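All remarks here apply to the structure that follows.
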Amino acid sequence: MALQFIETSKLPTPWGVFDIHGFEDAETGKEHIVLTLGDVTDGLPVLARIHSECLTGDALFSMRCDCGSQLQAALQRISEEGRGALFYLRQEGRGIGLINKIRAYKLQDEGADTVEANERLGFGADMRDYSLLKVMCEHLNITQVKLMTNNPRKIAAMESQGVEVVERLPLQTGQNPHNAKYLATKSGKLGHLF
């Protein structure tokens with residue numbers, strides 16, 4: 001893994017003033033961040049979320065997914081707790097990229113579910129790589145988390161990087177008629193816990 005820490009600065013948000021920690025992967029050129037609030041380096045379990053980039057949901061307010069509402073809910077919970085970390089990984093479309101995600105959306109418009117669409121494009125159902133969490137957690141001295149997730153794969157990812165998940169906190173938000181099939185597929189085919 002060629003991920004390296006670059007810099008930290010303040011990031012004021014509607015939920016509070018976070019520290020934003022920038023990391024760069026020399027192999028892929030991708031940049032990833034961690035937003036932290038409070039002291040996360042004290043060895044105590046940290047309220048955390050692993051969030052994969054979703055431009056359509058996070059920034060364009062798409063209702064096809066629950067990503068944007070999960071991002072906002074996680075930042076709100078961290079703010080309420082006064083301490084936490086949000087790992088924002090640049091892995092659009094479960095790792096297939098933005099343009100391929102748009103292609104997958106087109107296949108979904110024609111009746112495919114999110115897994116079938118990715119597979120028809122020649123990709124796996126979930127192509128994300130969580131190994132970069134190790135460098136991020138080591139840099140921040142995070143060894144235990146209370147993980148906000150519905151995805152058992154993220155729990156396994158943290159634990160495989162040597163970070164103990166002491167608690168899983170469900171993060172169910174943003175359900176609407178436009179993403180009902182998407183959420184059912186996440187549960188039925190990807191094993192998400194709802």
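Here the sequence shown is numbered in the UniProt record's numbering, starting from 1 and rising by one per residue.
Where a beta carbon is used, it is the ideal one built from N, C-alpha and C, also for glycine.
None of these values were measured; they are calculated from a predicted model.
Look at the alpha carbon of residue i and the alpha carbon of residue j, and state the distance between them as a whole number of angstroms.
i	j	result
residue 129	residue 32	12 Å
residue 39	residue 83	7 Å
residue 135	residue 21	12 Å
residue 23	residue 34	8 Å
residue 95	residue 13	27 Å
residue 157	residue 131	7 Å
residue 49	residue 111	31 Å
residue 60	residue 102	13 Å
Just verifying my parser: in three-state terms, what is the DSSP assignment at residue i?
i	result
residue 34	strand
residue 94	helix
residue 178	coil
residue 79	helix
residue 114	helix
residue 4	strand
residue 42	coil
Can you name the residues that DSSP bridges to residue i?
i	result
residue 144	164
Should residue i go down as buried or exposed, given a rule of 16 or more other Cβ atoms within 10 Å for buried?
i	result
residue 145	buried
residue 120	exposed
residue 92	buried
residue 109	exposed
residue 118	buried
residue 166	exposed
residue 159	exposed
residue 100	buried
residue 51	buried
residue 7	exposed
If contacts are defined as beta-carbon pairs under 8 Å, then residue i and residue j qualify, I think. What distance do you get, rounded to the angstrom?
i	j	result
residue 176	residue 63	5 Å
residue 58	residue 43	The Cβ separation is near 31 Å, so there is no contact.
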